[in-house]
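Visitor: Residue numbers 1 to 303, in the UniProt record's numbering, belong to the letters of the sequence shown in order.
Shown below is the structure under consideration.
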Amino acid sequence: MAPELVTLAPGVHFLPAAVNSVVVEDGRGGALLVDTGLDDAQARKLLRALEAAKLTPTAILNTHSHADHHGGNAFLLKRFPELDVFAPPLEAAIINHPVLEPLSLFGARPPRDLQTKFLLAPPSPARPLPGAGRAQLGGVEVELLDVSGHAAQMYAVRMGDVLYAADTLFGPDALAKHPLTFCADSRQQKEAAALLGTLEGVRVVLPGHGDPAEDLAALVEANLAAYDRTTRAVLEAVRAGPASVDELLARVCGLLGVQMTNAGAVVLNRAVVSAHLTELLEAGTVRLAVEDNRLIFGAGSDG
């Protein structure tokens, strides 16, 4: 049996998966695809669901460059090489050159353990979008909202009264499973979530990871609480004594009940701690120093 699209509104559907893929019809048998998932397996399911719905892809929009959101591009482009791929400008560069993701996380050429499909997707020729606002992509008009923070740049997508929040917001199960929610900029991450909470006329919101929700305000509140909890855990770890990022990461994992078992989890969670440290540095609650040839973070004058 072919996977089935779930309808959110007339002409707006999604394929439930570890990362949701959104399908927006153009009214002529075509459809814009928003985020294609981790790998060929999800792309294959997405294509089967489109075929069952008698829809043909017209373009791909990647909300950001994390591998689990564009890893399916390559499979779809083999079948439909004429498809345009769109993404925010910085993210388009990474989608074209995916090694930039593990390179930025590790700080150098990534070892084999960081060259997995979760961090290194196949390249695809993404075109940079000019900016947020209304856009015509693949024959479909959507509204792009700048929600940078989880990634260096990221767009949420609004289609009438349906909002695809991408990874600005996570469903309750995802928040519980991943207490250290990834972000490149924790302050922007919070601001982006709060921004979505001010939107009017949203009937249903779909997170990148999780089920559709009708209560946007409640989902925003749950996510902001999770992001603030991480900031508090990082500050508590710093207050336990000056330490390096890796030492602080271990403390934070202990506070939040996180057990890391692979190199990918370590570099991702290390980046989360670093992002919150930058936020705390800017707030004056943490200070940065170089001691014994190490970067050391300690409590600041306001901490």
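The beta carbon of each residue, even a glycine, is placed where N, CA and C say it ideally should be.
Here the structure is a predicted model, which is why all the values come from computation and not from measurement.
(1) Identify which residue in Leu175, Leu195 and Gly257 has its Cα closest to the Cα of Leu145.
(2) So Leu163 and Val205 are supposed to be a Cβ contact under 8 Å. How far apart are they, rounded?
(3) Excluding the five sequence neighbours on either side, which residues of its own chain have a C-beta within less than 6 Å of the C-beta of His64, listed in chain order?
(4) Out of curiosity, what's the CA-to-CA distance linking Glu82 and Gly30?
(5) Tell me, to the nearest whole angstrom, how far the beta carbon of Leu256 is from that of Pro130; I am working on the premise that it is less than 8 Å.
(6) So is Ser21 buried or exposed if we call it buried at 16+ other beta carbons inside 10 Å?
(7) With distance defined between alpha-carbon atoms, name the residue in Ala240, Val258 and Ala2 nearest to Thr181.
(8) Please identify the residue among Leu120, Asp161, Glu25 and Gly241 whose C-alpha is closest to the C-alpha of Leu299.
(9) Name, in chain order, the residues that DSSP records as bridge partners for Glu143.
(10) Can you tell me the Cβ-Cβ gap for Ala59 and Gly160, rounded? I've got them flagged as a contact below 8 Å.
(11) Within the same chain, show all residues whose beta-carbon is closer than 8 Å to that of Leu103, passing over the 5 residues directly before and after it, in chain order.
(12) I'd like to confirm the pairing. Which residues does DSSP put opposite Arg294 in its beta bridges?
(13) Starting from Ala87, follow its DSSP beta bridges and name the residues at the other end.
(14) With a cut-off of 8 Å, do at least 3 Cβ pairs link the segment 67-76 to the segment 34-51?
(15) Alpha carbon to alpha carbon, how far is Ala52 from His209?
(16) At the level of alpha carbons, what is the spacing between residue 305 and Pro207?
(17) I'd like to check one pair, Ala43 with Leu76: are the Cβ atoms closer than 8 Å?
(18) Contact defined as beta carbons within less than 8 Å: I believe Ala193 pairs with Thr168. What is the distance between those atoms, to the nearest angstrom?
(19) List the endpoints of the continuous beta strand (DSSP E) containing Gly30.
(20) Report the three-state DSSP secondary structure of Pro57 (helix, strand or coil).
(21) Given this structure, state the Cα-to-Cα distance separating Val99 from Pro123, to the nearest angstrom.
(22) May I ask you to report which of helix, strand or coil DSSP gives His70?
(23) Determine the direct distance from the alpha carbon of Glu214 to that of Val272, and round the result to whole angstroms.
(24) Give every residue of the same chain whose Cβ lies closer than 8 Å to the Cβ of Leu201, excluding the five residues on either side of it in the sequence, and list them in chain order.
(25) To the nearest angstrom, report how far apart Leu224 and Lys190 are at their CA atoms.
(26) Where does Glu226 land, buried or exposed, given buried means 16+ other C-beta within 10 angstroms?
(27) Which first and last residues belong to the alpha helix (DSSP H) in which Val205 is found?
(28) Name the residue from Leu5, Ala237, Asn96 and Thr56 whose alpha carbon lies nearest to the alpha carbon of Ala74.
(29) Assuming Val157 and Val34 are in contact, meaning their beta carbons sit under 8 Å apart, how far apart are those beta carbons, in whole angstroms?
(30) Cα separation between Leu216 and Gly197?
(31) With a Cβ-Cβ cutoff of 8 Å, do Val24 and Leu50 count as a contact?
(32) Measure the C-alpha to C-alpha separation of Arg187 and Ala17 and round it to an integer number of angstroms.
Guide: If we stick to the structure as given:
(1) Indexing the sequence shown from 1 puts residue 145 at position 145. If we check each option's Cα against that of Leu145, Leu195 comes out closest.
(2) Position 163 of the sequence shown, counting from 1, holds the residue named residue 163. Position 205 of the sequence shown, counting from 1, holds the residue named residue 205. Leu163 to Val205, Cβ: 5 Å. Contact.
(3) The residue labelled residue 64 in the question sits at position 64 within the sequence shown. Closer than 6 Å at Cβ, skipping near neighbours: Glu91, Ala151 and Met154.
(4) To locate residue 82, count along the sequence shown from 1; it is residue 82. To locate residue 30, count along the sequence shown from 1; it is residue 30. Cα to Cα, Glu82 sits roughly 14 Å from Gly30.
(5) Position 256 of the sequence shown holds residue 256. Position 130 of the sequence shown holds residue 130. Going by Cβ atoms, the distance from Leu256 to Pro130 rounds to 39 Å, so no, they are not a contact pair.
(6) One-based indexing of the sequence shown puts residue 21 at position 21. The residue is buried, with at least 16 neighbouring Cβ atoms inside 10 Å.
(7) Numbered from its first residue, the sequence shown carries residue 181 at position 181. Checked all of Ala240, Val258 and Ala2; the closest Cα to Thr181 is Val258.
(8) Position 299 of the sequence shown, counting from 1, holds the residue named residue 299. With the sequence shown as reference, residue 299 is identified as Ala, and Leu is not the correct amino acid for it. Comparing Cα positions, the closest option is Gly241.
(9) The residue labelled residue 143 in the question sits at position 143 within the sequence shown. In the DSSP output, where bridge partners are listed per residue, Glu143 has Arg134 and Arg158.
(10) Counting from one through the sequence shown, the residue named residue 59 turns up at place 59. Counting from one through the sequence shown, the residue named residue 160 turns up at place 160. Actually they do not touch by this definition, with Cβ atoms about 19 Å apart.
(11) Numbered from its first residue, the sequence shown carries residue 103 at position 103. Result list for Leu103: Arg109 and Pro110, in chain order.
(12) Translated into the one-based positions of the sequence shown, residue 294 becomes position 294. Paired residues: Glu291.
(13) Mapped onto the sequence shown, residue 87 falls at position 87. DSSP lists Pro128 as partners of Ala87.
(14) yes
(15) As a working mapping, residue 52 is identified with position 52 in the sequence shown. As a working mapping, residue 209 is identified with position 209 in the sequence shown. Here the C-alpha atom of Ala52 lies approximately 24 Å from the C-alpha atom of His209.
(16) This structure leaves residue 305 out entirely; the chain is present only between 1 and 303.
(17) The residue you call residue 76 lines up with position 76 of the sequence shown. The residue you call residue 43 lines up with position 43 of the sequence shown. Yes, the pair counts as a contact, with Cβ atoms nearer than the cut-off.
(18) Residue numbering aside, residue 193 sits at position 193 when the sequence shown is read from its first letter. Residue numbering aside, residue 168 sits at position 168 when the sequence shown is read from its first letter. The pair is a contact, with the Cβ atoms about 6 Å apart (cut-off 8 Å).
(19) Numbered from its first residue, the sequence shown carries residue 30 at position 30. First-last of the beta strand (DSSP E) with Gly30: Gly30 to Val34.
(20) Start at 1 with the first residue of the sequence shown, and residue 57 comes out as number 57. Here Pro57 sits in strand by DSSP.
(21) By 1-based counting over the sequence shown, the position of residue 99 is 99. By 1-based counting over the sequence shown, the position of residue 123 is 123. Their backbone Cα atoms lie some 9 Å apart in a straight line.
(22) Numbered from 1 along the sequence shown, position 70 holds the residue referred to as residue 70. DSSP places His70 in helix when its eight states are reduced to three.
(23) What you label residue 272 is simply residue 272 of the sequence shown in a count that begins at 1. What you label residue 214 is simply residue 214 of the sequence shown in a count that begins at 1. Computed Cα separation, rounded: 29 Å.
(24) Against the sequence shown, residue 201 aligns to sequence position 201. The question names Leu, but residue 201 in the sequence shown is Gly. Excluding positions up to five away in sequence, the list reads Asp161.
(25) For this step, residue 224 is matched to residue 224 along the sequence shown. For this step, residue 190 is matched to residue 190 along the sequence shown. Going from the Cα of Leu224 to the Cα of Lys190 covers about 6 Å.
(26) For the purposes of this step, residue 226 is taken as residue 226 along the sequence shown, with counting starting at 1. According to the sequence as given, residue 226 is Ala; it is not Glu. Burial is judged here by how many other beta carbons sit within 10 angstroms of a residue's own beta carbon; Ala226 has at least 16 and is buried.
(27) Here residue 205 refers to the residue found at position 205 when the sequence shown is read from its first residue. It is not in any alpha helix (DSSP H) - Val205 instead sits in the beta strand (DSSP E) that spans Val204 to Pro207.
(28) Here residue 74 corresponds to residue number 74 of the sequence shown, with the count starting at 1. With distances taken between Cα atoms, Ala74 lies closest to Asn96.
(29) As a position in the sequence shown, residue 157 is number 157, starting the count at 1. As a position in the sequence shown, residue 34 is number 34, starting the count at 1. Indeed, because the Cβ distance is near 6 Å, the residues count as touching under 8 Å.
(30) Position 216 of the sequence shown, counting from 1, holds the residue named residue 216. Position 197 of the sequence shown, counting from 1, holds the residue named residue 197. One C-alpha to the other measures close to 7 Å.
(31) Within the sequence shown, the letter at position 24 stands for residue 24. Within the sequence shown, the letter at position 50 stands for residue 50. Not closer than 8 Å, so no.
(32) Start at 1 with the first residue of the sequence shown, and residue 187 comes out as number 187. Start at 1 with the first residue of the sequence shown, and residue 17 comes out as number 17. The alpha-carbon atoms of Arg187 and Ala17 are separated by roughly 28 Å.
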